[in-house]
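> Residue numbers (this note's numbering), protein chains in the order written: chain A, 2 to 409; chain B, 19 to 130; chain C, 433 to 562.
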Amino acid sequence: MKKLLSLALGILTAIGGFVDIGDLVTNAVVGSRFGLTLVWVTVLGVVGIALYANMAGRVAAVSGRATFEIIRERLGARAGLANLAASFLINLMTMTAEIGGVALVFQLVTGISPMLWIPLAGFGVWVVVWRAKFTALENATGLLGLGLMVFVVAVFLLKPDWGQLGPQLIPRIPATEDGTTYWYYAIALFGAAMTPYEVFFFSSGGVEEKWTVKSLGEVKANVLVGFPLGGLLSISIAACAAIVLLPQAISVTSLSQVVIPVIQAGGTIAFAFAVVGMAAAVFGAALETTLSSGYTIAQYFGWSWGKFRRPAEAARFHLVMLIGVIIAVLVLLTGVDPIAVTEFSVVFSAIALPLTYIPILIVSNDKQYMGEFRNGRLTNALSLVFLAIILVASIAAIPLMVITGAGQ
Amino acid sequence: MILSDVLRSEVVDAAGHRLGRVADVRFRFEGPPSASRARMAGIIVSPRTSASFLGYERSTLDRPVILDRLLRFVHRGSFLVDWDDIHRFEDGRVRLRKGYERRSATLPGDDE
Amino acid sequence: MTDRKSMRAGRVVDAEFQLIDRQVIDSEGMPVVAVDDLEVSDVPWNTDLPPGTEAPIVENLLSGPVLGTRIFGGRPPESRWQRIAWKHVVDIGTALTLDAPAKEFDAGWTERWVRDHVVGKIPGGRHDPE
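1) Taking only beta-carbon atoms, is Gly303 (chain A) less than 7 Å away from chain C?
2) Using a Cβ-Cβ cut-off of 6 Å (strictly less than) and excluding sequence neighbours within five positions of Asn55 (chain A), which residues of its own chain qualify?
3) Return the Cβ separation of Ile119 (chain A) and Ile100 (chain A) in integer angstroms, given the expectation that the two are a contact with Cβ distance under 8 Å.
4) May I ask which residues mark the beginning and end of the alpha helix (DSSP H) holding Pro561 (chain C)?
5) Count the other CB atoms, across all protein chains shown, that sit within 10 Å of the CB of His93 (chain B); report buried if there are 16 or more and exposed otherwise.
6) Which stretch, first to last residue, makes up the beta strand (DSSP E) that contains Pro463 (chain C)?
7) Along the segment 351-378 of chain A, what residues have a CB closer than 8 Å to any CB found in chain C?
8) For Trp306 (chain A), count neighbouring Cβ atoms within 10 angstroms of its own Cβ and tell me buried if that reaches 16, exposed if not.
9) Tell me, please, whether the CB atom of Leu6 (chain A) is closer than 7 Å to any CB atom in chain C?
10) Where do the ends of the beta strand (DSSP E) carrying Arg507 (chain C) lie?
11) Chain B beta carbons: is any one of them nearer than 7 Å to that of Arg440 (chain C)?
12) Got a sec, what are the start and stop residues for the beta strand (DSSP E) Asp480 (chain C) sits in?
13) Go to Thr124 (chain B), then tell me how far its alpha helix (DSSP H) extends in each direction, as first and last residue.
14) So for Val337 (chain A), helix, strand or coil by DSSP?
15) Would Ser235 (chain A) and Phe152 (chain A) be called neighbours here (beta carbons separated by less than 7 Å)?
16) Closer than 8 Å, Cβ to any Cβ of chain C: which residues of the segment 27-59 of chain B, in chain order?
17) Closer than 8 Å by C-beta to Arg59 (chain A): which residues in its own chain qualify, once you throw out the five before and the five after it? Chain order, please.
18) What is the DSSP secondary structure of Asn366 (chain A), reduced to helix, strand or coil?
19) How far does the beta strand (DSSP E) with Glu178 (chain A) in it reach, from first residue to last?
20) As an exercise, report each continuous beta strand (DSSP E) stretch of at least 3 residues that is fully enclosed by the segment 75-124 of chain B, in chain order.
21) Cβ atoms of Arg75 (chain A) and Pro411 (chain A): under 7 Å apart, would you say?
22) Taking only three categories from DSSP, how would you classify Met433 (chain C)?
23) Mind checking the segment 214-225 of chain A against chain B and listing, in chain order, the residues whose C-beta falls within less than 8 Å of any C-beta there?
24) Does the distance from the C-beta atom of Gln514 (chain C) to that of Asp538 (chain C) stay below 7 Å?
25) Does the distance from the C-beta atom of Val110 (chain A) to that of Val276 (chain A) stay below 7 Å?
26) Would you tell me roughly how many angstroms separate the C-alpha atoms of Thr38 (chain A) and Ile171 (chain A), rounded to the nearest one?
27) Throw me the rounded Cβ distance for the Leu470 (chain C) and Leu494 (chain C) pair, which I believe falls under 8 Å.
28) Can you give the Cα-Cα distance for Ile524 (chain C) and Leu256 (chain A), rounded to whole angstroms?
29) Would you mind giving the Cβ-Cβ distance between Asp31 (chain B) and Tyr118 (chain B), rounded to the nearest angstrom? I have them listed as a contact below 8 Å.
30) What's the gap between the Cα of Met433 (chain C) and the Cα of Met116 (chain A)?
31) Which residues of chain B have a Cβ atom closer than 7 Å to the Cβ of Asn381 (chain A), listed in chain order?
32) Among residues of its own chain, excluding the 5 on either side of Gly285 (chain A), which ones have a beta-carbon nearer than 6 Å to its beta-carbon?
33) If you reduce the DSSP assignment to three classes, tell me which class Leu392 (chain A) lands in.
34) Return the bridge partner residues of Glu28 (chain B) from the DSSP annotation.
35) According to DSSP, what are the bridge partners of Met58 (chain B)?
36) What does a CB cutoff of less than 8 Å around Ala87 (chain A) pick up in its chain, not counting 5 residues either side in sequence?
Shown next, in the form of structure tokens:
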């Protein structure tokens, strides 16, 4: 059991990254429009984030230095500040979306307007960040988030025509969609899988858990279990949508369509699992992005940080997060749609990604940081391939977003 | 004096020819470790750019190979100038003495 | 750590590469500041240096407003520089380590201020997380 719990960080990181409010809807949208033809992107994203988070985790474990300290140290204060500004904005946008997402899940269950849930959700997120122990936070949300496994179960309960589903895995553009929209969603899915905040959270969480050189096996286990699991959940949400929504041309605009396949497969019990899973996953993502906003700023400026310290010993870190939550709640109360916010932030992630990735790749090869634990040749080779993919995605992201009108 | 006054300044030789920019300032420790002083030993001049080296061109960092080759190429021609060869500090500019020597910018291997 | 091996005579460091933008941690492992700039003893400015002029030494690590002016230009007044004297640095590796706890340094004042005026006032701020 303890072994299982030691994987909680990886599982929570992945859940917050792969099935947050934006992904819950985007995966269903993709499934309902493109079937399984974009699954390869999620698989690619899983490999990429696993590689990247593993490198950042190893650096944190061996050198004790967290990711944004490294970014500033390698890129210099100027480029580091540009990266910080972009990363902080993305974190803030995503935080806003996730807190709004928690309210949306409550609306799904109770039917009560999200406006009433928003301040409660914001307060809940802040209280947990303020007072809860890091391990309690990750164990609870990670475990409850596994309720989303009901989507995997649903795929089988729906008894799909495998002969028809299988061929969909081959990447091709469906007749009903055009090429630019296909590639827009490909980049959106890739950006959703490889968001920088997952890496900030994972590596800072590792410092929270006091990883050392002896923890390298644990780092690897977290990565090898967490991210593929996140990818599996993502794919199964898309698969459910492909099986139920696509043939009926039901378009996904909110969480209510996302759960239709689950209800169809397993009734109220399945719905209950899905709701618990979604609430935990979105709440977990809210925690992850809130903490990331604190981590990035504190690490850039050299402040004391971490939930392992009492708030009085990491005062500015907690103040930044408190202000962030307040801003998020105020923005949400103006009535903005949380899901629309995530669509934009994912694309901006694709742009900020190279600036975050390169310093980590370099430092994980630096003997002064890593000693004998530098990257192996295979890791470097794979990392360079992904660097190329990331650069292409980041260049194509904004033009595609403009051309397709964000995926219409 | 703040080091930023010197970093990124233009570097010119005795005749006024532009040699590059100050990419870094090198210090050497002296005295016993318990009362160490860091004395300026020289400046690193980069003819092409003063942007961050990312750690490749001066130290033992040499992987991934592609990035290493790329960054060494971008920063080729960087050299170290001894303190004794500095003639004059001005706002935004450093003038070198006539007959200054170009030395290797490589950092002596750190085995920390 | 207290053998100060990394401060041995003859060791050479490059300021921008190895000192500036690095994390500074105190004797108890708490982060204090990031090094935003270095203060070096004065050299004659706008005048020819006579041969044999002694090279300057690092006097202080600087943090605070100097970061903004380093990136955007200008120079904050000296009274606003937060200084940590060089003699307090005992180790230079991937981060710089000091010989005393953070509270003994001026550079920690914003953290203390936020602690006393904001965080300390919210219930639970001074307790360990549970």
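Note that beta-carbon positions come from the ideal geometry of N, C-alpha and C, so glycine has one too.
On the basis of the data shown:
1) It does; some Cβ of chain C falls within 7 Å.
2) Here the set comprises Val224.
3) With a contact defined as Cβ atoms closer than 8 Å, Ile119 (chain A) and Ile100 (chain A) qualify at about 7 Å.
4) For Pro561 (chain C), there is no enclosing alpha helix (DSSP H), since its DSSP letter is neither H nor E.
5) By the neighbour-count definition (other C-beta atoms within 10 Å, threshold 16), His93 (chain B) is a buried residue.
6) From DSSP, the beta strand (DSSP E) with Pro463 (chain C) extends over Pro463 to Ala466.
7) If the cut-off is 8 Å between Cβ atoms, the segment 351-378 of chain A has Gln369 and Tyr370 near chain C.
8) Using a 10 angstroms sphere on the CB of Trp306 (chain A), the tally of other CB atoms reaches 16 or more, which defines it as buried.
9) Interface residue (Cβ-Cβ distance to chain C less than 7 Å): Leu6 (chain A) is not classified as such.
10) Unbroken run through Arg507 (chain C): none, as it is neither H nor E.
11) Cβ-Cβ to chain B under 7 Å: yes for Arg440 (chain C).
12) Asp480 (chain C) -> no beta strand (DSSP E), and no H or E assigned at all.
13) Per DSSP, Thr124 (chain B) belongs to no alpha helix (DSSP H) and is neither H nor E.
14) Coil.
15) Cβ atoms of Ser235 (chain A) and Phe152 (chain A): not closer than 7 Å.
16) From the segment 27-59 of chain B, only Ala41, Asp42, Val43, Arg44, Phe45, Arg46, Phe47, Glu48, Gly49, Pro50, Pro51, Ser52, Ala53, Ser54, Arg55, Ala56, Arg57, Met58 and Ala59 have a Cβ closer than 8 Å to chain C.
17) Taken in chain order, the residues that qualify are Leu217, Val220, Ser365, Met371 and Phe374.
18) Of the three classes helix, strand and coil, the one that applies to Asn366 (chain A) here is coil, per DSSP.
19) That residue, Glu178 (chain A), is in no beta strand (DSSP E); it is neither H nor E in DSSP.
20) The beta strand (DSSP E) runs lying completely inside the segment 75-124 of chain B and spanning 3 residues or more are 97-100, 104-108 and 111-114, given in chain order.
21) For chain A, the structure presents residues 2 to 409; residue 411 (chain A) sits outside this window and is missing.
22) At Met433 (chain C) the pLDDT is 46, less than 50, meaning the model places this residue with poor confidence; the figure from the coordinates comes in the next sentence. Coil, per DSSP.
23) Taking 8 Å as the Cβ-Cβ cut-off against chain B, none of the residues of the segment 214-225 of chain A qualify.
24) It is a contact, given that the beta carbons lie within the stated cut-off.
25) Going by C-beta atoms, Val110 (chain A) is nearer than 7 Å to Val276 (chain A).
26) Between Thr38 (chain A) and Ile171 (chain A), the C-alpha separation is close to 6 Å.
27) A Cβ-Cβ distance of about 6 Å is found for the pair Leu470 (chain C) and Leu494 (chain C), placing them in contact under the 8 Å criterion.
28) Ile524 (chain C) and Leu256 (chain A) have their C-alpha atoms some 52 Å from each other.
29) That pair is a contact at about 7 Å.
30) Low per-residue confidence applies at Met433 (chain C): pLDDT is 46, beneath 50, and the placement is therefore not dependable, though the value from the model is reported in the following sentence. Those two C-alpha atoms are separated by around 55 Å.
31) Near Asn381 (chain A) (Cβ distances below 7 Å), the residues of chain B are Arg81 and Pro82.
32) Excluding sequence positions up to five before and after Gly285 (chain A), its CB lies within less than 6 Å of the CB of Leu13, Ile16, Gly17, Thr142 and Gly146, all in the same chain and listed in chain order.
33) The answer is helix: DSSP assigns Leu392 (chain A) an H, G or I state.
34) DSSP lists B:Arg39 and B:Arg111 as the beta-bridge partner residues of Glu28 (chain B).
35) According to DSSP, Met58 (chain B) bridges with B:Phe45.
36) Same-chain partners within the cutoff: Phe349, Ile352, Ala353 and Leu356.
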